[in-house]
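*Asks:* Here the sequence shown is numbered in this note's numbering, starting from -7 and rising by one per residue. Here a beta-carbon is modelled for each residue, glycine too, at the ideal position from N, C-alpha and C. Treat the numbers as computed from the prediction; the structure is a model and nothing was measured. Right, I'll just put the structure down here and ask away after.
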Amino acid sequence: MLRPLTIALLLAAAPAAAQDIGFGGVKADISAPVEVAADRLAVDQADGSAVFTGNVVIGQGEMRLSADKVTVLYAEGGQSRIRSLRAEGGVTLVSGADAAEAREAVYDVESGNVTLTGDVVLTQGRNALTGDRMVVDLASGSATVDGRVRSVLQPGGN
-7 MLRPLTIALL LAAAPAAAQD IGFGGVKADI SAPVEVAADR LAVDQADGSA VFTGNVVIGQ
53 GEMRLSADKV TVLYAEGGQS RIRSLRAEGG VTLVSGADAA EAREAVYDVE SGNVTLTGDV
113 VLTQGRNALT GDRMVVDLAS GSATVDGRVR SVLQPGGN
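Below, the structure is given as structure tokens:
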């Protein structure tokens, strides 16, 4: 979806070491229930995990995360409390008008942080940013991008 943007960013942008940015016009409510929809679910009682595959969409408040595969790890004591989610393949994170893509993402539900890795592309209106790794604090809506950060900022706002 946003991959052609990567080429344009690499050709046109100036490099930077790391960049702090805002993410999402709407902050995610990290106390809201986490909803997961997928084509298939496999549960492993031995290690306390669940693997969702095929058109996986995770929602929490206004935040949406989609991927090919998501592994859910539950906290000690069973499947009543999610500890973390690991998304792989075609990961897209959307909050408000902002969207980010990556190869993988780990959502630490307790801290409310999502870490995206591998060819991260962030778009905010007409502005775009790429990097190797982005950490989003869903409670505050802030994010940090590092690892060969490049950005294209359009004059005149969005």
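Starting from the C-beta of residue 60, find all residues in its chain whose C-beta is less than 6 angstroms away, skip the five residues before and the five after it, and write them out in chain order.
*Replies:* Excluding sequence neighbours, residue 60 sits near 81 and 82.
*Asks:* What's the gap between the Cα of residue 66 and the Cα of residue 146?
*Replies:* Between residue 66 and residue 146, the C-alpha separation is close to 42 angstroms.
*Asks:* What residue range does the beta strand (DSSP E) around residue 141 cover?
*Replies:* 134 to 144 is the span of the beta strand (DSSP E), which, as asked, contains residue 141.
*Asks:* With the cut-off set at 8 angstroms, would you say residue 125 and residue 113 are in Cβ contact?
*Replies:* Contact flag unset, no.
*Asks:* Quick check for students: name the residue ranges of the beta strand (DSSP E) that lie wholly in the region 63 to 142, counting only runs of 3 or more.
*Replies:* You should have 74 to 87, 90 to 100, 105 to 116 and 119 to 129.
*Asks:* Please name the residue, chosen from 41, 142, 96 and 56, that lies closest to residue 120 on a Cα-to-Cα basis.
*Replies:* Minimum Cα distance to residue 120 is reached at 142.
*Asks:* Is it the case that the Cβ atoms of residue 21 and residue 53 are separated by a distance below 8 angstroms?
*Replies:* Going by C-beta atoms, residue 21 is nearer than 8 angstroms to residue 53.
*Asks:* Do you know how far the Cα of residue 94 is from the Cα of residue 162?
*Replies:* Nothing about residue 162 can be reported from this structure: the residues present for the chain run from -7 to 150 only.
*Asks:* Could you tell me how far apart the beta carbons of residue 62 and residue 34 are, in whole angstroms, since I believe they sit closer than 8 angstroms?
*Replies:* Their Cβ separation, rounded to whole angstroms, is 11 angstroms, which puts residue 62 and residue 34 out of contact at 8 angstroms.
*Asks:* Taking the alpha-carbon positions, what's the residue 101 to residue 24 distance?
*Replies:* Going by the C-alpha atoms only, they are around 10 angstroms apart.
*Asks:* Is there at least one non-hydrogen atom of the ligand FAD closer than 7 angstroms to the beta-carbon of residue 146?
*Replies:* Among the components modelled here there is no ligand, and therefore nothing to report on the ligand FAD.
*Asks:* For residue 54, does the three-state DSSP call read helix, strand or coil?
*Replies:* It is coil, neither helix nor strand.
*Asks:* Roughly how many angstroms separate the alpha carbons of residue 135 and residue 40, rounded to a whole number?
*Replies:* Taking the straight line from one Cα to the other gives about 30 angstroms.
*Asks:* Along the chain, where does the beta strand (DSSP E) that runs through residue 26 open and close?
*Replies:* Where residue 26 is concerned, there is no enclosing beta strand (DSSP E), given that its DSSP letter is neither H nor E.
*Asks:* Mapping DSSP to helix, strand and coil, what is residue 34?
*Replies:* It is a strand residue.
*Asks:* Taking the Cβ atom as the reference point for each residue, do residue 92 and residue 108 lie within a distance shorter than 8 angstroms?
*Replies:* In contact: residue 92 and residue 108 (Cβ atoms closer than 8 angstroms).
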